[in-house]
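For reference, the structure is listed below as structure tokens.
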Ligand code: BG6
């Protein structure tokens, strides 16, 4: 059971995970490999089983064969995989059909007993996972509600509340496609599950260096005094990808970069940079701060959206066709593959400090980073020494989320020699080198957290709605969408993104020293 603050320090509870969307891409690519890795590291509860649900008819063995992960291009060793795979089961059925659930209930009871999760005649703890097409979310949640599988909210009337099994649900993104649909999904979830049984997943929150933001800020005392408008000029959050839409056009063409990345992942990352110190490291305290932060965002006037954001779409290049010619794309939809926006928080810490967020496909590098740009020194005492003796900019702290996890702090130093010359250099912390180990797939620890009842790295209803509220005027602006610019694949995006910053007298930090984004 989770504590009242939504954070749990104990181990994961025995449970059966019910994975809706078991034949989908995410299951095969991310979820099963993450669970396998968690099992290999001994993080999964000893008594654990997974039941994959989807419409395709398959036996347990066929399902295990289908989701068998690879490592460095080779299938995982059969013996190692075989042991774990025994925990995987399959149930064929239409999750949107209420008639399926009685049989699923019986099946879960059987699996619960077989895997030692529950005693005969008792229901197991159930962790639902929604990894299906978004339009199926509400029907499935409704069916789960009607099926009577969820008893958690009724625990108060149980004779022995401590012995009652729990039911939790992890909801994959996209969490809605705008504010209204996110509110509707939250209402549907709230009709069936208690808020503290709802786990809105954002895999960026599981990334080590994203989690490190709070450690950096609050386990050290040197940063917090300068972490404000008095010392920070602006913040940038970049998530750039080199790949195009690939085989995901069916989903992506309805979403676009703003919904797919900015409203979700980037807003969350920015929030950890910007929140006030939580009273303690626990879910309730952190969620409270994020909700407060999002509600302090300066509302973007829809009619002035182009001053706050820029959208782009990749053109044709040596590695593939233009987005509009990708398989499954409807050019008439006018979907963007790049989005950049400015967010301002109207509070005592950040008033007047812009946060610039950008993300795009087919850009110059696969990189996710946060840049904290500090102010320039208030005066330059070296000014009389002439060129070469002048700090060009303020200090810059870069949080390298991926790849190359680490931190670098740009500082100025004296170049050795008789003359006074100043050059910038980096103080670097390479996480892998310093702490060892490989960067983990973010999903594994997040799934284990849900089994422990720990929501610290998940999102609250109000913050999801809060971040949609910030983006909503951009989604609705015809002028913004009418001005989508094509950009050259391998660049840093459209000219409009550069202009967004240059209008404010700033420029993007383009990692790796590649040239600034040039419009196609
Ligand atoms: C997903 C988006 O949430 O994140 C994808 O739907 C994107 O479009 C992916 O490619 C990026 O994740 P990561 O962890 O590779 O940065």
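Residue numbers (my numbering): -10 to 509.
All residues carry an ideal CB built from backbone N, CA and C; glycine is no exception.
Source: prediction; values computed, not measured.
Secondary structure of residue 421 (DSSP, three-state): helix.
Counting the other CB atoms within 10 Å of its CB gives residue 86 a total below 16, which places it among the exposed residues. For residue 245, the secondary structure class from DSSP, reduced to helix, strand or coil, is coil.
Sixteen is the threshold: when 16 or more other Cβ atoms of the shown chains lie within 10 Å of the Cβ of residue 445, as they do, the residue is buried. Proximity to residue 126 across 139, 191, 234 and 159 peaks at 159, based on C-alpha coordinates. Residue burial is scored here from C-beta neighbours: residue 210 has fewer than 16 other C-beta atoms within 10 angstroms and is therefore classed as exposed. DSSP lists 159 as the bridge partner or partners of residue 188. Remark: C-beta atoms of residue 327 and residue 309 do not approach each other more closely than 7 Å.
In the displayed model, residue 325 falls within coil according to three-state DSSP, outside both helix and strand. One alpha carbon belongs to residue 137, the other to residue 26, and they sit about 33 Å apart. At least one heavy atom of ligand 1 is found less than 6 Å from the C-beta of residue 249. For residue 471, the closest alpha carbon among the candidates 477, 306, 439 and 302 is that of 302. Under the rule that a run must span 4 or more residues, the alpha helix (DSSP H) segments found entirely inside the stretch 273 to 304 read 294 to 297. By DSSP's assignment, residue 343 forms a beta bridge with 333. By a beta-carbon distance limit of 8 Å, residue 164 contacts residue 171. Their separation comes to about 6 Å.
Between residue 397 and residue 417, the C-beta spacing is below 7 Å. Excluding five sequence positions before and after residue 320, the CB atoms of its chain that fall closer than 6 Å to its own CB belong to 313, given in chain order.
Distance from the Cα of residue 237 is smallest, within the candidate group 162, 316, 300 and 268, for 316. Classified as buried, residue 254 has 16 or more neighbouring CB atoms from the shown chains inside 10 Å of its CB. DSSP links residue 37 through a beta bridge to 4. Restricting attention to 458, 81, 176 and 123, the CA atom closest to the CA of residue 134 is found in 176. In the three-state reduction of the DSSP assignment, residue 362 falls in the strand class, which pools E and B. For residue 110, the three-state secondary structure derived from DSSP is coil. About 7 Å separates the beta carbon of residue 77 from that of residue 41, a gap short enough to meet the 8 Å contact definition.
The distance from the Cβ of residue 383 to that of residue 419 is about 24 Å, inconsistent with a contact at the 8 Å cut-off. Positions of the alpha helix (DSSP H) runs, each at least 4 residues long and wholly inside the stretch 35 to 112, are given as 49 to 56, 67 to 74 and 89 to 103 in order along the chain. Residue 461 carries a helical assignment under DSSP once its states are collapsed to helix, strand and coil.
A buried status is given to residue 227, since no fewer than 16 other beta-carbon atoms sit within 10 Å of its beta-carbon. Runs of the beta strand (DSSP E) lying entirely within the stretch 390 to 453 and spanning at least 3 residues, in chain order: 395 to 404 and 410 to 419. DSSP places residue 495 in the coil class of the three-state scheme, outside both helix and strand. Spatial neighbours of residue 94 in its own chain (CB-CB distance under 7 Å, excluding positions within 5 residues in sequence) are listed in chain order as 136 and 138. Each residue's CA atom was taken as its position, placing residue 229 and residue 351 some 8 Å apart.
Taking 8 Å as the upper bound for CB-CB distance, residue 500 and residue 358 are in contact here, some 6 Å apart.
Take residue 0, set aside five residues on each side of it, and the residues of its chain with a beta-carbon closer than 8 Å to its own are 34 and 441, in chain order. About 6 Å separates the beta carbon of residue 120 from that of residue 9, a gap short enough to meet the 8 Å contact definition.
In the structure shown, residue 356 falls within a strand segment according to DSSP collapsed to helix, strand and coil.
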